[in-house]
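*Asks:* So the sequence shown is numbered by this note's numbering: it starts at 23 and just counts up by one.
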Amino acid sequence: KRAIEDHFDKMVELEEELRRKNKSDLLISVQQSTDLLDIHYIRQKVPAGLGHAVYCARKFIGNEPFAVLLGDDIVKNDGKPCLQQMMELYDQYESPIIGVQEVSNEEVERYGIVDCDMREEGVHDVKRLVEKPKIEDAPSNIAIMGRYILTPDIFDILAKTEPGSGAEIQLTDALQTLSEQRRLLAYEFNGTRYDVGEKFGFIKTTIEFALERDDLKEDMEEYIKELAASRFAKK
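Here's what the structure looks like:
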């Protein structure tokens with residue numbers, strides 16, 4: 023946790039060292055990360071679930087709509103970013119929104135799943151949400167993908183939400199209650215979503231992003247070819 027705070031903090035000693043060595047490109051990169059945003063940190067003192075983590079931010083959020091982005095999910099889009107898509111949809115409907123995508127039957131048990139009716143292409147009215155159901159109990163294959171735009175009324179609901187799956191306060195349970203009180207939308211966002219919350223997904227994502235970097239792709243391609251040749255040669 024501390025590493026995240028340090029990453030976005032100003033590093034005077036490092037900047038001076040880069041300046042002394044005339045490494046201007048690296049210096050600019052370091053300065054951009056510290057000047058990017060005014061970041062505030064709130065710690066979840068106990069691992070009591072995503073709903074509890076969101077509730078911890080209530081005093082900072084105040085009475086404003088806000089976004090929740092889970093670090094386990096990275097969304098890549100060469101056009102309009104996922105969050106921008108959702109913000110524009112919020113401006114249109116002024117309703118809380120959850121980002122979703124379809125998943126395979128084998129993946130259903132890993133996600134919160136929504137039961138919904140289509141409102142327009144890619145936009146659905148949520149009827150029911152189920153946290154990590156068995157495939158036989160799942161109302162659909164439309165899964166929640168770690169992107170939310172929520173309204174502050176969710177905090178009163180979270181305060182009354184009992185621990186659910188995994189003995190944790192689930193945001194999905196609070197969203198179910200919210201959907202019974204007001205319109206809740208599920209939006210199938212445009213973009214490729216990468217799951218870095220499990221080991222193999224993290225490795226795949228790292229490789230794919232490395233292959234898109236001009237400073238890494240040639241070496242990475244050569245390494246993959248050599249590794250594949252040596253591995254398959256042994257079989």
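Don't be surprised by glycine CBs; every beta carbon is placed ideally from N, CA and C.
As the structure is a computational prediction, the values presented were derived from the model and not from experiment.
1) How many angstroms separate the CA atom of Met33 from the CA atom of Leu40?
2) Comparing alpha-carbon positions, which option in Thr214, Arg235 and Asp241 lies nearest Lys98?
3) Taking the alpha helix (DSSP H) that Met140 falls in, what are its first and last residues?
4) Could you check what DSSP says for Ala75 in three-state terms: helix, strand or coil?
5) Are Thr199 and Ile225 touching if we call contact CB-CB under 9 Å?
6) Leaving aside the five residues before and after Pro185 along the sequence, list all residues of the same chain whose C-beta is less than 6 Å from its C-beta, in chain order.
7) Cα separation between Thr194 and Leu105?
8) At the level of alpha carbons, what is the spacing between Asp217 and Ile64?
9) By Cβ distance below 6 Å, which residues in the same chain neighbour Asn163 in space, the five residues on each side in sequence not counted?
*Replies:* Reading it off the structure:
1) Taking the sequence shown and counting its residues from 1, the one referred to as residue 33 is at position 11. Taking the sequence shown and counting its residues from 1, the one referred to as residue 40 is at position 18. Going from the Cα of Met33 to the Cα of Leu40 covers about 11 Å.
2) Position 76 of the sequence shown, counting from 1, holds the residue named residue 98. Looking at the Cα atoms, Thr214 is the closest of the given residues.
3) Numbered from 1 along the sequence shown, position 118 holds the residue referred to as residue 140. Taken as a continuous stretch (DSSP letters only), Met140 belongs to no alpha helix (DSSP H), being part of the beta strand (DSSP E) at Gly134 to Glu142.
4) Counting from one through the sequence shown, the residue named residue 75 turns up at place 53. Correct three-state label for Ala75: helix.
5) Working through the sequence shown from its first residue, we reach residue 199 at position 177. Working through the sequence shown from its first residue, we reach residue 225 at position 203. No.
6) Reading the sequence shown from its first residue, position 163 is the one you call residue 185. Excluding positions up to five away in sequence, the list reads Ile191.
7) For the purposes of this step, residue 194 is taken as the residue at position 172 of the sequence shown. For the purposes of this step, residue 105 is taken as the residue at position 83 of the sequence shown. Cα to Cα, the separation comes out at about 19 Å.
8) On the sequence shown, position 195 is the one that residue 217 refers to. On the sequence shown, position 42 is the one that residue 64 refers to. Between Asp217 and Ile64, the C-alpha separation is close to 24 Å.
9) Translated into the one-based positions of the sequence shown, residue 163 becomes position 141. Correct list, in chain order: Glu124 and Val125.
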